[in-house]
Amino acid sequence: MKLQTNDLQEINDLHKTNSLQEIQILIFSLPCTNNKEFTTIIKEYELDSSIDHIITLFDKIFSISKYTNTDVYHFLNIFSKFVDCVGPKECASLSVKVRSLKFFPSEKDTDLVIVKYFEVINKMSLIMENEELQDVYSRYIFLQSKDIVNNVMVHFIYSKFKDFLKNHPIFLEYTIEKGLYKEMRLKNEFLMDFFPSFNKVVLIDSSFDMNLGLRIFIINNTKNKYLFQEFFNDIPSWYLKSLTPHLVPFLYYNFDIYGIYRELALEYCNVLSIDEFQKHLENDLKNVKGVNNEGCVEDVKGDVKDVKVDPQSTILTDKSQPTTLPDNPQSTLITDNPQPTTFTDNLNPLNTPITLSPEIQNLRSNLKESISLFNKTLDLDILVNRFGQIESFLLLRSSKSTSLKSLGEFLCKSKNEDYLRLFTSTFDFTNLTLIESLRAYLASFFLVGESQVIHRVLTIFSEKYFIDNVGKILIDDDKTRKFLFNFSFSLLVLNTKMYNPNIKTKPTFHNHMSDFNEEEIPSNFSMEYLKSQFESVCEQKMELAVRNKAGRHHFLIYENLCKTYGIPTEFCWGFENVKGGVLKGVYDKGVPSENGVPSKGSPLNTPTPKSLTNPIHHIPNTPNTPYPFFIFVWSDLFKKLISNFFDAPPDHFFLICDLIKERKLIERYLRENKSDTGRFLSMFKYYTPLEGDLEIYKMFLGILKRLEKPRHGVFSEIKNSLIKGNKPEVRDTILTQFRKSFYEIVESKFNPNSLLLINLSLKDLKSNFIFNLICEIYENHLESLEDLSMIPDDKISLILDRLVITGNRSKFCTLSLFMTPENLLIYYKNMLETVPRFLNGEICETFKKIGIYNEDAFCIVLNIQKEYDLFEFVVEIHEEKIECRGVYCDEDVEGEGEGEEKGGKVDEGGIEIEGDTEGIKEKGCNKNVRDAEEGGNERDTEDTREVTRQDPNVKVDHLNLNESIYLFKDEDFIDSNPLFLFKIPLSKDILGCFSFKEKFEDIMRIPTNLFHFYASSKSILNQSKAKTIHKAGCPLKESIFNPLEMDPRLIYMLKKADSLNNKDVTNYTLWVVNLISSSLPIFCRFFTTYFGLLLTIKNSNLVNPIIKIFCSRLGKTLSGNPLCCKCGYKNLGIVENFIKFLIKYELANIKDFEFYFKVRNEKIKKSEIIIKNGEMYLEEKSDVQ
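Printed below as a string of C-alpha cells:
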C-alpha cells in the first residue's frame, strides 16, 4: 500500500511539473509583443519550472506600468491556470498586485478583461486580507451601481459577486445592513437570491422602495401580515385568488378579528354587490370539506353534522341535541370584560366557538372608539383604563387613525412630561444614527413649535438615545450627554434653515459646526459621522407628520404589539406552522428592535403564553376550514354591511340570511322597508318562524287593517287609494302580489313567541276581521299557543273543548287560566262531571290557581280528592314554638332550685314536691297551661311555662326525629330508686303549638261537610284508610303513616275537633287516634314530638281519652302484645319518653303508670327487658337465655 501511495505521488508531481512547463510556454507565447516592458521581461527570463521562479515572473508581469485591456486579459488568463495548478495559497504574494490591476472602459476588450479579472480575483480572495477584500468588494459594488458596463456584463459580474459573497458572508451582511443592494442595477435579483439572509426589519423597510412585483415576492415568502395589509389595495386579484379558494374567511381570520390590523375582509366585501356577495358566500358554503368524528376529512353539503376539528386547532363542542335558530340581530359584542369571550355559530347543531383572549377582545371592540375619543378630548385615561399606559402609547403609535397633532398637543404640555418620558420609552434607538433616531421620533407626533417645548422634548429624546447606546457607540460621560442634546437641536435648526423659503443663504457643514468647538465634541463623534448627519438633513427634510405612516418603525410597533397580545404576525395557513420561505434565521433571532437588530427574549414567531390560549394561531388550512367557521365569518361581515343590502329583493336577502343562519336579520330589513308595503309583506312570511318583535307585528297588523276588507273570511279587496295612479295591469299585478303574500303569511309556521306578540298587538286593534283571522292562526298552532289574554272566554272555551277531546292536558292547563275565574270554575265543574277521566295532576294543580273558594269549588275538591289529595291546598298548618318548663321536676337537677326542707323541696316555680314521690298530688296542669295561654295565672305563666314565640308560619319539621333523644343515663337505674323511676329534670322544653287556616272555612264548619272532606281523602283523615294500619304491612313502613304524610293531617283533626267541640267530630278523631295507637312507636313519636299540641287542646274530652288510649295500649303491650306489629320493634325508649312528658307536665301522675313500672321492673329482673347503652329493649321469652 505504501508503494502504491508513493507511485501516485510521483505521478501527481509529474503532472504538476508538466503543467508548470505548459504555463511557462504560454507566457512566452503571449501576443503582447507591442508591450516593451513585457518583451524585456521575457528576454531576461531564464527557463525554470519551479513554482517560485514562475511566481517571480508573474510578479514582474503584474508590475508593468503600462498595459492595455488586452494585455491584462492575457496575463490574467494564464495566471488563472497557474492558480488552478498550484492553488491560491502559493500565489498569496501576488494578491495585492492582481487586485490593483486596472482596466480602461474606453478601450476595447473591456468586457473580457472584467470577466477574467473577477474570475481570478474570486480565486485569490480566499487568501486575501480584510483590507484587500474591502477593495475587491468596492469594485463589485461600483461596477454594479454605475452605468459603466452593458446589461450582459452586469449579469456576469453579479454572478461572480454572488460567488464572492458566498465565500465571504460578512460582506453579504454588510450589503444588506447598509442597504447598498438598493443601488445595484440587479437589486431585484439580489433580493431574491439572498432573501433568506435578509433581516426581517430591513426587508420590510426595503419593500416600500420596491416595485409591486417585488413586494408580492416578499409577501409571498414572508407571509407577513403587516406588508399584506399595507399593500392590500395594490395587490392584484390574481394573487389574492391564488392564496386560497376561500379568500374572505382567510382575510377575516388573519386580520379582522384582532383589532390592530385593518379589517381586510370587511373592506373587500364592502365593494361587493349583493349578487357578488352571495356568489362568494355560496362558494364558501357549497362543498366545504369538514372533518368527521374520526378526524378524517369529508365533504360537507348543507348543514354540517358531526364536525370535529383537531383540538389544537380550535375548540369544538359536540352537542347531541339540536339547537334552535339564533335570533340575535346584532353582531357579536366584545367588551373589556375580563372573562374570555367566544364567537360561536349558534345555528349549527355543533357549537363551534372561536376563543379570543380578553385582551384581544378588548382591542377588537374598544380600540377605534378609544383613539377617536382621545383625538377629540386629549384624555389619555380612556386608553389607559382599557389597555394600560405602555400599551396605550404603542397603540397610538400604530393606529393610522391617531391624530399626531392631538398626540403632540398632549405630549408637549408641561404637566404631561411624565407621559412624554413614558411615550419615549417605547422607542429603541440602539445602534441607530442620531439623525435616524431623531427622524423616527419626530415623525411619531406633532412637535409644537415653542422653544420651551422643543427644549423639553429634545432633552428627553437625547437622554433616551444616550441610554440605548451608551457602552455601544457612545461613551458614558456628561460631555456626551450634553453634546447629544446640542447637536440634536442644531439638526432641528438646520432643517428649518434648509427648507424655509425665506432663508436664502443655506449653511455649509463648516458653518453648521462653527457653533461647536473641539472641546465640546466627544471623541467618539468623528467629523465624517457628523458630516453624514448634516448631509442627511440637507438631502431629506425631517417631516412633521400628521398621521402615522407605514414604514420600518411603524412595522416595529406592530411587532411589539403582536408580541404583547400574542397575535400572529404571519398568515395562518395549515394544520402546522409552515414557515413557507420565511427568512432564514429570523425564527431564532428574537423580536427585532427599532434598528432591526433582534432583541433578546422570545423568538419572533414563538407564541407567548397569551398566544397559546388563542386558537387562531392554529386555524386549519383555509380550504379545509370546517363549515361553522365560514358561517361565523360571513354572518359577522353581513351584519356589519347589512345597510348595503336593504334595497335588495326580499327573497334574495332572505337567502343570504338563511345561508349564514342569521334569519333574525330579517327584522332589520322589515324595519327599513316598513314604508314599502310590497317588500314588507313579501319578507314577512319568512319572519313568522322567528322570535319576533312587538313593533314588527304591530306594523304587520296595521298594514293588514289598512289594506284589506273582510268578505266571507277571505282577502277580497284592496283599497284603491294605496295603488291609485297605476295602470290597470299594474294594479292587477300589485293586487295579485299582495294577495299571495297574505295567503303565504296565513299558512306560514309561527314561532310561539310570535303568537304571544300577536296577542299583545291585538290590544290596540278593534278589527273583527283581524280578530277572526288571528283566531284561525291560533287554531293552527295550538301546541305553540301560550297566551289568550286578548281572546274572550267563549272562544277560549271552544279551544279548551278541542284540547279535552285530544287529551292535551298540559296545554289545557296553560290556556284555561286565561278565562275569568268564575267561568273557569263552572267549566271545571262541568268537565269533571262529564269527562272525569280527563282529570290528572296537572289539572288538579291548575284548579288550585283559580282562587275562588265557594260551594262549587268545594264540590270540585271532593271530586278531585278521590284521586289526588288536596289537604295541603285546603288546609295550612302553622306551628308556633313555645318554651315550657314542667310542673313536676326531680330534685337532683344541677343549678336548679334553692332552699331545702325536711321531707320536701320547693322548685323555682313554687310548686312543692312532697318527700315521697308516690304521694305526689295532681296539680291541675291542664288548667295552669290554659290559664297561662289566657293570661289568667300570672305565676304559672311566668314560672311554670315560660313561652317564647317564634315565626308562626314555621312548618312542622319531621326530618330531625331519631331515637337518640330517648337515651337514658346509667343513674336512672340505681338501687336507690326502687321503682327505677327516671329523673325529670327542671329543664325547659321547646314545644310546638299549632293553628290552622282553611280555604273553605265557612263550609267546613259544618260537620257534614267536614266528614265529606275526610271521607274523600286517601289519608288517615279517612278512618277507612286508618283501619288498614296493620293490614298492608308494618305501619312504620307505610307512606300513609309517614310523618310527612300523617302528622299535619292528625294535627288538623285534633285542632279541628278541639275548635268545633262537636261530639261526632271528637269521637271520629279519637277513633282515628285509637287506630293509630295500635302501633305505639307511631303513637308515641307523634305525641312526643307534638306534645305542645296536648298542652294547648282546651277540650278535656279529647285529651283525657288520648291518655287512656295510651295506657290501654301500654297495658296490652306489657301483657305480651307487640309494640308495633310482627316487625319486631322492641325499643321502649320512645314509650318511656312520652310517659316522662306526661308526668313532667302533669297530664298524668306516677300512680297512673305504677302498673307499668312494676311490670317493667319485674321484666328487667327476668331479663325480658334488657338495657343496652342506656336504652331498654323488650325481649321475647324465646330470646332469653
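Here full-length UniProt numbering is used: the first residue of the sequence shown is 1, the next is one more, and so on.
Note that the Cβ used here is the ideal one computed from N, Cα and C, for glycine as well.
All of these numbers come straight from a predicted model, not from anything done at the bench.
Less than 6 Å between C-beta atoms, sequence neighbours within five positions excluded: which residues of the same chain meet that for residue i?
i     : result
I1171 : none
L101  : V72
C91   : V83
G748  : The question names Gly, but residue 748 is Ser in the sequence shown. Taken in chain order, the residues that qualify are K685, T688.
C1125 : H1030, C1034
L1010 : M1004
M1053 : T1069
S399  : I371
List the residues that DSSP assigns as beta-bridge partners of residue i.
i     : result
D884  : Residue 884 is actually Cys in this sequence, not Asp. In DSSP, C884 forms a bridge with D989.
M1176 : I1171
H878  : S995
V470  : L474
E570  : N224
N1131 : Y1177
For residue i and residue j, I'd like the C-alpha separation in whole angstroms.
i     : j     : result
N673  : I791  : 31 Å
R386  : N375  : 16 Å
F485  : F446  : 19 Å
L74   : D193  : Here residue 74 is His; the residue named in the question, Leu, does not match the sequence. Between H74 and D193, the C-alpha separation is close to 32 Å.
G1092 : C993  : 5 Å
L407  : D764  : 56 Å
I1139 : S1078 : 17 Å
I860  : S1059 : 26 Å
L1178 : K1158 : 15 Å
K162  : F393  : 43 Å
T733  : I799  : 38 Å
K997  : N854  : 16 Å
K923  : E1146 : With a pLDDT of 31 at K923, under the threshold of 50, the predicted position of this residue should be treated as unreliable, though the coordinate-derived value follows. Distance between the alpha carbons of K923 and E1146 is about 7 Å.
R706  : R668  : 22 Å
L1070 : P1105 : 7 Å
G807  : L815  : 14 Å
Y419  : S462  : 16 Å
Cutting at 7 Å between CB atoms, please list the residues of its own chain near residue i, excluding the five before and the five after it.
i     : result
T622  : Its pLDDT being 42, under 50, T622 is placed unreliably in this model, and the value from its coordinates should be taken loosely. Here the set comprises T244, H246, P249, F250.
E230  : A550
A1148 : I1107, L1142
C1111 : D1152
F118  : I157, K160
H781  : F750, L755
Pull up the CB-CB distance for residue i and residue j, whole angstroms please, since I reckon it's below 8 Å.
i    : j    : result
L281 : I656 : 7 Å
L20  : I51  : 7 Å
N511 : K541 : That belief does not hold up - the Cβ atoms of N511 and K541 are roughly 19 Å apart, past 8 Å.
C412 : L641 : That pair is no contact at about 40 Å.
L214 : L191 : 6 Å
N69  : F104 : 6 Å
L665 : K639 : 7 Å
V98  : V120 : 6 Å
Among the residues of its own chain, which have a CB less than 8 Å from the CB of residue i, if the five just before and after it don't count?
i    : result
C775 : I791, K795
D869 : S1017, K1018, S1019
S569 : Checking the sequence, you will find Thr at residue 569 rather than Ser. Excluding positions up to five away in sequence, the list reads N224, K225, Y226, Y558, E559, C562, L604, N605.
T770 : At residue 770 the sequence reads Ile, which differs from the Thr that was named. Excluding residues within five positions, the ones whose Cβ falls inside 8 Å are L701, L704, K705, L762.
L434 : Y465, L484, F487, S488, L491, Q533
Just to check, is the beta-carbon of residue i closer than 7 Å to a non-hydrogen atom of the ligand ZN?
i    : result
V537 : Absent from the structure shown: the ligand ZN. Ligands present: none.
Segments of 4+ residues assigned as alpha helix (DSSP H) that fall wholly inside the region 408-459: 417-424, 434-442
Inside the region 115-191 only - alpha helix (DSSP H) runs reaching at least 4 residues: 130-145, 151-167, 169-177
Sequence ranges, alpha helix (DSSP H) only - wholly within the region 742-828, length at least 4: 752-761, 768-779, 793-806, 809-816
Those runs of the alpha helix (DSSP H) which lie wholly inside the region 1014-1065 and span at least 4 residues: 1023-1026, 1043-1060
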